[in-house]
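>
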Amino acid sequence: MSNPHAAAVAAFLNRYVFEVNADRVLPVEGPAHAAHDIGSDGSAAADVAAGTGALSALNKSVQNKSSLNKNKNKNKNKNKNKNKNKLAGGGVAAGAATLMPALELRRLHQLPAADPFTVARRFVWECLDICLPPGPDFTRLETAVLLAMQSRDAERMRRLPEIEAQAAFSVDEFLRPLGIEGFSGYEATEGLFLNILQATEYVGLLYKARIDRDRPSVVEPRLRPLLAVPAHQSFPSNHSFQAHSIVFAFNAILPEHPATEELQRIAQNVAENREWAGLHFPSDTIAGKELARRFAPYLRDAFGAAFLAAQAEWH
204 MSNPHAAAVA AFLNRYVFEV NADRVLPVEG PAHAAHDIGS DGSAAADVAA
254 GTGALSALNK SVQNKSSLNK NKNKNKNKNK NKNKNKLAGG GVAAGAATLM
304 PALELRRLHQ LPAADPFTVA RRFVWECLDI CLPPGPDFTR LETAVLLAMQ
354 SRDAERMRRL PEIEAQAAFS VDEFLRPLGI EGFSGYEATE GLFLNILQAT
404 EYVGLLYKAR IDRDRPSVVE PRLRPLLAVP AHQSFPSNHS FQAHSIVFAF
454 NAILPEHPAT EELQRIAQNV AENREWAGLH FPSDTIAGKE LARRFAPYLR
504 DAFGAAFLAA QAEWH
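Take the sequence shown: its letter number 20 is residue 223 in this note's numbering, and every next letter is one higher.
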């Protein structure tokens with residue numbers, strides 16, 4: 204006996220054709236009657252219509268969330284963004300940067316080469332060799348360091364505006380020393396930076412959940428964080444991981460650029476400000492940078508086309 208559900212799925216796949224290549228998967232225009240009478244009782248057509256609506260709603264949700272996370276600090280200077288949008292002219296790169304880099308994340312999850320040495324290690328980038336958190340004795344020393352930093356009220360207050368601004372992690376700090384903030388012609392570079400932030404946040408949370416280190420304020424109740432303590436774990440520091448991933452990415456694109464050292468200084472400042480805020484141990488910061496260094500080759504493989512597009516803007 205034939206399965207009516209399987210028949211409906213087969214009919215749907217026959218009616219909706221997709222173009223698949225190395226960079227994208229796109230639906231090919233199908234016949235006008237494709238959405239009608241897929242099943243004999245019409246139920247499959249309703250399922251397809253419902254599925255289409257669900258996918259549309261999901262895509263809108265992801266796009267809206269990513270657009271909100273794209274750059275929270277840009278609202279402080281709306282005129283600059285209006286001019287920038289006029290210059291960009293709604294280009295493909297600028298539009299692509301507002302969506303989650305789903306294809307690139309999918310590439311990360313592709314199996315490695317099927318040989319006897321790697322076939323058992325499904326996702327190599329999930330088990331990179333980074334130093335684990337130090338033991339309790341060293342952790343007590345780190346909490347003593349954080350308490351000493353907390354006692355320096357003047358320095359803490361001097362850093363507070365930066366700490367608050369960097370909580371949302373704007374890429375403007377990295378565009379500014381490159382001389383491209385607010386200018387058209389570098390949409391692929393900005394889009395790459397934004398997508399790196401999203402991809403590395405995802406990867407960093409996997410490591411945090413697996414290592415499961417408590418936040419400093421849990422270990423030392425006398426610490427008074429300057430910001431709300433995030434619900435996820437402490438090790439490694441995602442701010443350090445994300446910031447240094449941008450630095451390593453741009454070094455791969457244009458290592459001879461005179462601002463590469465300034466980008467490194469900015470990344471280190473972003474990471475250390477999380478220590479001054481009482482949110483991370485120094486060893487969290489070091490681990491984030493080390494993870495960025497080890498993850499960089501996998502990032503370049505997954506975002507190969509985006510790296511080439513950004514590189515083309517500088518030549």
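Note that beta-carbon positions come from the ideal geometry of N, C-alpha and C, so glycine has one too.
Kindly indicate which residue of R343, D417, S440, A508 has the alpha-carbon position closest to the one of I333.
The shortest C-alpha separation from I333 is found at S440.
> Take the Cβ of A412 as the centre, count every other Cβ of all protein chains shown within 10 Å, and call the residue buried at 16 or more, exposed below.
Exposed, since its Cβ has fewer than 16 Cβ neighbours within 10 Å.
> Measuring CB atoms only, is the segment 428-435 touching the segment 395-402, in the sense that at least three cross pairs come out at less than 8 Å?
Contact between the segment 428-435 and the segment 395-402 is absent, because fewer than three Cβ pairs lie under 8 Å.
> Take every Cβ of the segment 494-510, pair it with every Cβ of the segment 447-457, and state whether three or more of those distances are shorter than 8 Å.
The answer is yes - the segment 447-457 touches the segment 494-510, with three or more Cβ pairs under 8 Å.
> Would you mind sorting V374 into buried or exposed? The rule is 16 or more other CB atoms within 10 Å of its CB.
Its Cβ being crowded by 16 or more others within 10 Å, V374 is buried.
> Where are the alpha helix (DSSP H) runs, 4 residues long or more, that stay fully inside the segment 437-487, in chain order?
Counting only runs of 4 or more, we get 441-456, 463-479.
> Classify V473: buried if its beta carbon has 16 or more other beta carbons within 10 angstroms, exposed otherwise.
It counts as buried.
> Since A495 contacts H442 with CB under 8 Å, what's their CB separation in whole angstroms?
No, A495 and H442 are not in contact; Cβ-Cβ is about 11 Å, not under 8 Å.
> Can you grab the Cα-Cα spacing for the pair S264 / A351, in whole Å?
Note on S264: pLDDT 42, under 50, position unreliable in the model; the coordinate value appears next. Answer to the nearest angstrom: the Cα atoms are 44 Å apart.
> Quick check on E459: buried or exposed, where buried means 16 or more other Cβ atoms within 10 Å of its Cβ?
E459 is exposed by the Cβ-count criterion.
> Rounded to whole angstroms, what is the Cα-Cα separation between L335 and I489?
Rounded to whole angstroms, L335 to I489 spans 11 Å at the Cα level.
> So, with DSSP's three-state summary, where would you put D417?
Coil, per DSSP.
> Rounded to the nearest angstrom, what separates L409 and E345 at their Cα positions?
Those two C-alpha atoms are separated by around 24 Å.
> Buried or exposed, going by whether 16 or more other CB atoms sit within 10 Å of the CB of G407?
Classification for G407: buried.
> Hey, E367 and L429: beta-carbon distance below 9 Å or not?
Yes, they are a contact pair.
> Could you check the C-alpha separation between N274 and A210 for me, to the nearest Å?
Summary for N274: the model assigns pLDDT 46, below 50, so the residue's position carries little reliability, and this model does not support an answer.
> Can you check whether the CB of A509 is closer than 9 Å to the CB of G394?
Cβ atoms of G394 and A509: closer than 9 Å.
> For E365 and N476, what's the separation of their Cα atoms in angstroms?
The straight-line gap from Cα to Cα measures roughly 8 Å.
> Helix, strand or coil: how does DSSP classify A509 here?
Of the three classes helix, strand and coil, the one that applies to A509 here is helix, per DSSP.
> Leaving aside the five residues before and after P380 along the sequence, list all residues of the same chain whose C-beta is less than 8 Å from its C-beta, in chain order.
Result list for P380: A462, E465, L466, I469, in chain order.
> Counting only the same chain and skipping the five closest in sequence on each side, list residues whose C-beta sits under 8 Å from that of L331.
Excluding positions up to five away in sequence, the list reads L494, R497, F498.
> Assuming L350 is part of the alpha helix (DSSP H), what are its boundary residues?
Start and end: 339-354.
> Would you kindly check if the distance between the Cβ of L349 and the Cβ of P419 is under 9 Å?
Cβ atoms of P419 and L349: closer than 9 Å.
> Rounded to the nearest angstrom, what separates F438 and T392 at their Cα positions?
About 29 Å.
> F484: which of G388, G382, P339 sits nearest, CA to CA?
Comparing Cα-Cα distances from F484 to each of G388, G382, P339, the minimum goes to P339.
> Under 6 Å Cβ to Cβ from A299, same chain only, skipping five residues before and after it: list those, please.
Only weak support is given to the placement of A299: the predicted model assigns it a pLDDT of 40, under 50, and the value that follows is read from those uncertain coordinates. Hits under 6 Å: G394.
> Going straight from the alpha carbon of F341 to that of A347, what length do you get?
Cα to Cα, the separation comes out at about 10 Å.
> Would A357 be called buried (16 or more neighbouring beta carbons within 10 Å of its own) or exposed?
Exposed, since its Cβ has fewer than 16 Cβ neighbours within 10 Å.
> For R416, is the classification buried or exposed, using 16 other Cβ atoms within 10 angstroms of its Cβ as the cut-off for buried?
Burial call: buried.
> Going along the chain, which residues of its own chain have a beta-carbon closer than 7 Å to the beta-carbon of A370, five neighbours each way excluded?
Only L430 meet the Cβ criterion.
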